[in-house]
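Report on one structure; see the data block that follows.
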Amino acid sequence: IKNTTIQIPQICLRSVSFSKDDSDWGSILHTHGFTELFLVVNGKGNFLFKDSIYPIKSGDLIIIPPYVGHTEQSLKDTPLEYYVLGIDGIIFTKKGEQTAEQIFFHLKNKAVFTDLFSQILREARRNEYGADAICQHLLKILIVKITRLQNLVPLPVQNTHIAKECAYIKQYLDSHYIEYAGETYAYE
Numbered sequence: 001i002k003n004t005t006i007q008i009p010q011i012c013l014r015s016v017s018f019s020k021d022d023s024d025w026g027s028i029l030h031t032h033g034f035t036e037l038f039l040v041v042n043g044k045g046n047f048l049f050k051d052s053i054y055p056i057k058s059g060d061l062i063i064i065p066p067y068v069g070h071t072e073q074s075l076k077d078t079p080l081e082y083y084v085l086g087i088d089g090i091i092f093t094k095k096g097e098q099t100a101e102q103i104f105f106h107l108k109n110k111a112v113f114t115d116l117f118s119q120i121l122r123e124a125r126r127n128e129y130g131a132d133a134i135c136q137h138l139l140k141i142l143i144v145k146i147t148r149l150q151n152l153v154p155l156p157v158q159n160t161h162i163a164k165e166c167a168y169i170k171q172y173l174d175s176h177y178i179e180y181a182g183e184t185y186a187y188e
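First residue of the sequence shown: 1, per the working numbering; consecutive thereafter.
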């Protein structure tokens, strides 16, 4: 086995859940102060951001950076079933890019990722000795698999809680301006 040093930021699993998007879900646009990993296990629907809508289906993985307004919405007869992980201390960028934006991709081998998400949820619910350590190790494995599969760069980020209005301003500035060698430039 080839020894490879992989730099994964200091991370903390903040939340883990499995949900079914029933008809009573209001699909309310919301933000979080942490990165979310959203894995669609079954169903079809849409993933909504402030200004855009993306179709999603079983096997899709969405990475949502902190403070990006989002929500999910099932199609009428195909309710979404999905796992969501909330992670403090990390953002993902595509190699060569400067900012973290939402990332979508379809998993060809959904079972491997579904199993990791499921194991993390199971351990978190057990609340037994060592469950937190197991969750952290499984989360690191998941992050390595995602970054390797999609050629992403995991970067450390200091998660701070800010007002929603400030989050929208930060998202706009991050999306439209880049700092290069100490100078700030607007995207064309």
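We treat Cβ as the ideally placed atom computed from N, Cα and C, and that holds for glycine.
Computed from a prediction, not measured in an experiment: that's the story for all the values here.
Which term fits Ser74, buried or exposed, when burial requires 16 or more other beta carbons within 10 angstroms of its beta carbon? buried
Short of 8 Å in beta carbon distance, which residues of its chain neighbour Thr5, apart from the five on each side in sequence? Order them along the chain. none
Three CB pairs or more closer than 8 Å across the segment 38-49 and the segment 142-157: no
Could you tell me which of Ile141, Pro9 and Gly33 sits nearest to Gly86, measuring between CA atoms? Gly33
Alpha helix (DSSP H) containing Gln119: first to last residue? Lys110 to Arg126
Where Ile28 sits in the DSSP three-state scheme: coil
Work out the CA separation of Glu72 and Ile11 for me, nearest whole Å. 25 Å
Leaving aside the five residues before and after Ser15 along the sequence, list all residues of the same chain whose C-beta is less than 6 Å from its C-beta, in chain order. Gly86
Ends of the alpha helix (DSSP H) at Gln136? Ala131 to Gln150
Chain-order list of residues whose beta-carbon lies under 6 Å from that of Gly69 (same chain, five-residue window excluded): Leu29, Thr31 and Lys50
Could you tell me if Glu128 is buried or exposed, where buried requires 16 or more neighbouring beta carbons within 10 angstroms of its beta carbon? exposed
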